[in-house]
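*Asks:* Residue numbers (our numbering), protein chains in the order written: chain C, -13 to 292; chain Z, 1137 to 1465. Each residue gets a CB set at the ideal place from its N, CA and C atoms; glycine is no exception. Since we're looking at a predicted model, the values are computed, not measured.
1. For the pair the stretch 229 to 242 of chain C and the stretch 148 to 157 of chain C, tell me if three or more CB-CB distances fall below 8 Å.
2. For residue 1236(Z), which residues in the same chain have their Cβ closer than 8 Å to its Cβ, ignoring the five residues on either side in sequence?
3. For the alpha helix (DSSP H) containing residue 1348(Z), list its first residue and its last residue.
4. In chain Z, which residues lie less than 7 Å from residue 180(C) when you measure between Cβ atoms?
5. Would you say residue 1326(Z) lies against chain C (beta-carbon separation less than 8 Å)?
6. For residue 1157(Z), which residues in the same chain have their Cβ closer than 8 Å to its Cβ, ignoring the five residues on either side in sequence?
7. Select from 1241(Z), 1340(Z), 1333(Z) and 1444(Z) the residue whose C-alpha is nearest the C-alpha of residue 1279(Z).
8. Report the rounded CA-to-CA distance for residue 116(C) versus residue 122(C), giving the unit in angstroms.
9. Quick check: is the beta carbon of residue 265(C) nearer than 8 Å to any beta carbon in chain Z?
10. Whose Cβ in chain C lies nearer than 8 Å to the Cβ of residue 1304(Z)?
11. Report all residues from its chain with a CB closer than 8 Å to the CB of residue 205(C); omit the five preceding and five following residues, and keep chain order.
12. Just checking my contact of residue 180(C) with residue 214(C) at CB under 8 Å: how many whole Å lie between their CB atoms?
13. Could you check what DSSP says for residue 1144(Z) in three-state terms: helix, strand or coil?
14. Spatial neighbours of residue 159(C) within its chain, please: C-beta separation below 8 Å, excluding the five flanking residues on both sides.
15. With 9 Å as the C-beta to C-beta threshold (strictly closer), list the residues of the stretch 45 to 56 of chain C near chain Z in chain order.
16. Which partner residues does residue 1219(Z) have in the DSSP bridge list?
17. Is the stretch 1269 to 1289 of chain Z touching the stretch 1317 to 1324 of chain Z, taking contact as three or more C-beta pairs under 8 Å?
18. What are the uninterrupted segments assigned as alpha helix (DSSP H) that are 4 or more residues long and contained completely in the stretch 15 to 101 of chain C, given in chain order?
19. Is the beta carbon of residue 110(C) closer than 8 Å to that of residue 176(C)?
20. Kindly indicate the opening and closing residues of the alpha helix (DSSP H) around residue 118(C).
21. Residues in the stretch 1187 to 1210 of chain Z with C-beta within 7 Å of chain C's C-beta atoms, listed in sequence order?
22. Over what stretch of residues does the alpha helix (DSSP H) that includes residue 1185(Z) continue unbroken?
23. List the whole-angstrom C-beta distance separating residue 262(C) from residue 274(C), where the pair is believed to meet the contact cut-off of C-beta under 8 Å.
24. List the residues of chain C whose Cβ lies closer than 7 Å to the Cβ of residue 1181(Z), in chain order.
25. Residue 1317(Z) CB to nearest chain C CB: under 8 Å?
26. Are the CB atoms of residue 1372(Z) and residue 1349(Z) within a distance shorter than 8 Å?
27. Can we say the stretch 1289 to 1300 of chain Z touches the stretch 1346 to 1366 of chain Z, given the rule of at least three CB pairs closer than 8 Å?
28. Suppose you measure from the CA of residue 281(C) to the CA of residue 256(C); what does that come to, to the nearest Å?
29. Measure the beta-carbon distance from residue 35(C) to residue 1276(Z) and round it to whole angstroms, keeping in mind my assumption that it falls under 8 Å.
30. Spatial neighbours of residue 71(C) within its chain, please: C-beta separation below 7 Å, excluding the five flanking residues on both sides.
31. Can you give the Cα-Cα distance for residue 1342(Z) and residue 1175(Z), rounded to whole angstroms?
32. I need the DSSP call for residue 179(C), collapsed to helix, strand or coil.
33. Leaving out the 5 sequence neighbours to the left and right, which residues in its chain are closer than 7 Å to residue 1450(Z) when beta-carbon positions are compared?
34. Give, in chain order, every unbroken run of the alpha helix (DSSP H) that is at least 4 residues long and sits entirely within the stretch 211 to 236 of chain C.
35. Which residues of chain Z have a Cβ atom closer than 7 Å to the Cβ of residue 224(C), listed in chain order?
36. Name the chain C residues that come within less than 8 Å of residue 1452(Z), Cβ to Cβ?
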């Protein structure tokens, strides 16, 4: 059994390997249930996890008529690279791709500024009111963002104190993105673990607050800033409902995720699939490059939310 | 010293201050004047906190307060709102669609539990033993989570669930003589179809959480159990599952909270149809607020949002309370 070999290799003859000891492997029921189950699971995961992505990649460069006549055939009549060009040029995916990048970078910047300065205050400067603000931040974790769409929408369209509407502008997406308590708490926890002697030493050497932040704290926190950055950019890339609402009347300014359902009505399936592949490419590449961050980060999110 | 503005932290500090040097005491006194406050870093702390305070006030704290206010008001975007008491809540509860939406959301959550809760657990327990391939398994399971949801939904809607015989599922079923089925067009199968998609799109996160939890299971327990002659199934039942039960409870809670907010799938797949069979609570909120002429239903949308938020908060607190003794021993 292949699965059995995977496991034995690790434990060798040592029976203390883990859940399944080598004594277990000698038993019939284990051998004939667990090992095939592992192989089956691997096959299933390949089909379920990788299959649809590969199919999307195939469909994006297959002539529409071939996809329609037999969706499971592999290039029966050649490859249609023109789908990608049509998507990029004819249905303006290039423009929407650029919009998505601009939105993602603005949201990222806002999140980074709020999270780092906020965490710096709560973790390093610690004014007397810090615990109060911290409690308010924690409280917002209990309120799912989606239930706030109505007050947020009013806030954007008809903000108090300011005599202008942010609707149809990118500020409507950039600024609310910064209000992520999750980010602030994540960065704060990282700052909490930085050696405090370092701050004291910098203070004694005459570093002011700004200097402390820019020259000591930020350079030390590259790992956590990387994590926050990846998730900030990709969550904006995935975002649908909010840009759909606040940019509803300016199609030219909408990001890809909002435009894709509209593109569906404008073009044939092959070009739609090409547009979808382009939209999926950035997250998939990011995942392949930063796999460890992703896989650790999602567990992190679960632990913190719990 | 004014006892009124003494906070808890200050009380502890003042006890120390009794034995502290005069220098410490004079510094404490200096903080009470404005110049002292600025010199002590109070101003720079405030300036550094400004982005956080402004952004969270505008886009988190104030909207939360505003949500509560809105649910008791009738409003449009431009005229000043008027108070209507519990009228919005009454309108929501008397709306026949409210019960439909609650039922559908509960149905979605229940189906998602049946499909989506055991699968990641079984998958994670099965693969966790393979150190060499654990990473690969995890990455494969996580790949669907990486796809932007809109791409995933459109792929499933126009390719996999395509109702004619050119749909991918219908093509595959056609080989063995079934179909074609209108997965999303039949009120009976529409919701299960959404759940299958949703499980595909989200299970990876849970698999990763379980894989991480399983690495922390104390290996010596397995060894001891083996020595005592316990078989594989007894080890899973008496060691593995009890050791990760805290994480299992957290994922259970997160999944229920997540499915209670399901929106994108019914919105893009079916727009709540056919015959309102996939109308969820959040979709109803959306329809109240943005479905008909803008602003008319804001009060009702806010009332329903508040009900959902309160339900989820009460549920989370109750869940954590009720399972605390069981999850930490």
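*Replies:* Let me lay it out:
1. The stretch 229 to 242 of chain C, when compared against the stretch 148 to 157 of chain C, does touch it at the 8 Å Cβ threshold.
2. The residue labelled residue 1236(Z) in the question sits at position 100 within the second chain. Excluding residues within five positions, the ones whose Cβ falls inside 8 Å are 1412 and 1415.
3. Your numbering for residue 1348(Z) matches position 212 in the second chain. Per DSSP, residue 1348(Z) belongs to the alpha helix (DSSP H) from 1323 to 1351.
4. Position 194 of the first chain, counted from the first residue, corresponds to residue 180(C). Near residue 180(C) there are no residues of chain Z at all, since even the closest Cβ is about 16 Å away, more than 7 Å.
5. Residue mapping note: residue 1326(Z) aligns to position 190 of the second chain, counting from 1. Chain C contact via Cβ: absent.
6. Taking the second chain and counting its residues from 1, one reaches residue 1157(Z) at position 21. Only weak support is given to the placement of residue 1157(Z): the predicted model assigns it a pLDDT of 49, under 50, and the value that follows is read from those uncertain coordinates. So the list is empty, once near-sequence residues are dropped.
7. The residue you call residue 1279(Z) lines up with position 143 of the second chain. Closest by alpha carbon: 1340(Z).
8. Counting from 1 along the first chain, the entry for residue 116(C) is found at position 130. Counting from 1 along the first chain, the entry for residue 122(C) is found at position 136. For residue 116(C) and residue 122(C), the distance between alpha carbons rounds to 10 Å.
9. Indexing the first chain from 1 puts residue 265(C) at position 279. Closer than 8 Å to some Cβ of chain Z, the Cβ of residue 265(C) qualifies, so yes.
10. As a position in the second chain, residue 1304(Z) is number 168, starting the count at 1. Simply 41, 57 and 58.
11. On the first chain, residue 205(C) is found 219 positions in, with the first residue counted as 1. Take residue 205(C), set aside five residues on each side of it, and no residue of its chain has a beta-carbon closer than 8 Å to its own.
12. As a working note, residue 180(C) is residue 194 in the first chain. As a working note, residue 214(C) is residue 228 in the first chain. About 16 Å separates the beta carbon of residue 180(C) from that of residue 214(C), a gap too long to meet the 8 Å contact definition.
13. Residue mapping note: residue 1144(Z) aligns to position 8 of the second chain, counting from 1. In this predicted model, residue 1144(Z) has a pLDDT of only 41, less than 50, meaning its place in the structure is not dependable; the value taken from the coordinates is given anyway. Here residue 1144(Z) sits in helix by DSSP.
14. Walking along the first chain from the start, residue 159(C) turns up at place 173. So the list reads 89, 92, 93, 222, 225, 228, 229, 232 and 233, once near-sequence residues are dropped.
15. 45, 53, 54, 55 and 56
16. For this step, residue 1219(Z) is matched to residue 83 along the second chain. The partner list for residue 1219(Z) (beta bridge, DSSP) reads 1209(Z).
17. Taking 8 Å as the limit for Cβ pairs, the verdict is that the stretch 1317 to 1324 of chain Z does not touch the stretch 1269 to 1289 of chain Z.
18. 37 to 46, 50 to 55 and 68 to 71
19. On the first chain, position 190 is the one that residue 176(C) refers to. On the first chain, position 124 is the one that residue 110(C) refers to. Not closer than 8 Å, so no.
20. Taking the first residue of the first chain as 1, we reach residue 118(C) at position 132. Note, residue 118(C): alpha helix (DSSP H), 116 to 126.
21. 1187, 1188, 1191, 1192, 1194, 1195, 1196, 1197, 1199, 1200, 1202, 1203 and 1206
22. Translated into the one-based positions of the second chain, residue 1185(Z) becomes position 49. Looking at the DSSP string, the run of the alpha helix (DSSP H) that includes residue 1185(Z) is 1178 to 1192.
23. Numbered from 1 along the first chain, position 276 holds the residue referred to as residue 262(C). Numbered from 1 along the first chain, position 288 holds the residue referred to as residue 274(C). With a Cβ gap of about 18 Å, residue 262(C) and residue 274(C) do not count as contacting.
24. Taking the second chain and counting its residues from 1, the one referred to as residue 1181(Z) is at position 45. 107, 111 and 113, listed in chain order.
25. Counting from 1 along the second chain, the entry for residue 1317(Z) is found at position 181. No, no contact with chain C.
26. The count along the second chain starts at 1 and reaches residue 1349(Z) at position 213. The count along the second chain starts at 1 and reaches residue 1372(Z) at position 236. Taking 8 Å as the Cβ cut-off, residue 1349(Z) and residue 1372(Z) do not qualify as a contacting pair.
27. Touching, no.
28. Start at 1 with the first residue of the first chain, and residue 281(C) comes out as number 295. Start at 1 with the first residue of the first chain, and residue 256(C) comes out as number 270. Distance between the alpha carbons of residue 281(C) and residue 256(C) is about 32 Å.
29. By one-based count along the first chain, residue 35(C) stands at place 49. By one-based count along the second chain, residue 1276(Z) stands at place 140. About 4 Å separates the two Cβ atoms, so the contact holds.
30. For this step, residue 71(C) is matched to residue 85 along the first chain. Closer than 7 Å at the Cβ level, and outside the excluded window around residue 71(C), lies no residue.
31. On the second chain, residue 1342(Z) is found 206 positions in, with the first residue counted as 1. On the second chain, residue 1175(Z) is found 39 positions in, with the first residue counted as 1. Approximately 49 Å between the Cα atoms of the pair.
32. Taking the first chain and counting its residues from 1, one reaches residue 179(C) at position 193. The answer is coil: DSSP assigns residue 179(C) none of H, G, I, E or B.
33. The count along the second chain starts at 1 and reaches residue 1450(Z) at position 314. None.
34. 227 to 232
35. In the first chain, the residue the question calls residue 224(C) occupies position 238. Per Cβ cutoff of 7 Å: 1284 and 1285.
36. Position 316 of the second chain, counted from the start, is the residue given in the question as residue 1452(Z). Chain C residues near residue 1452(Z): 128.
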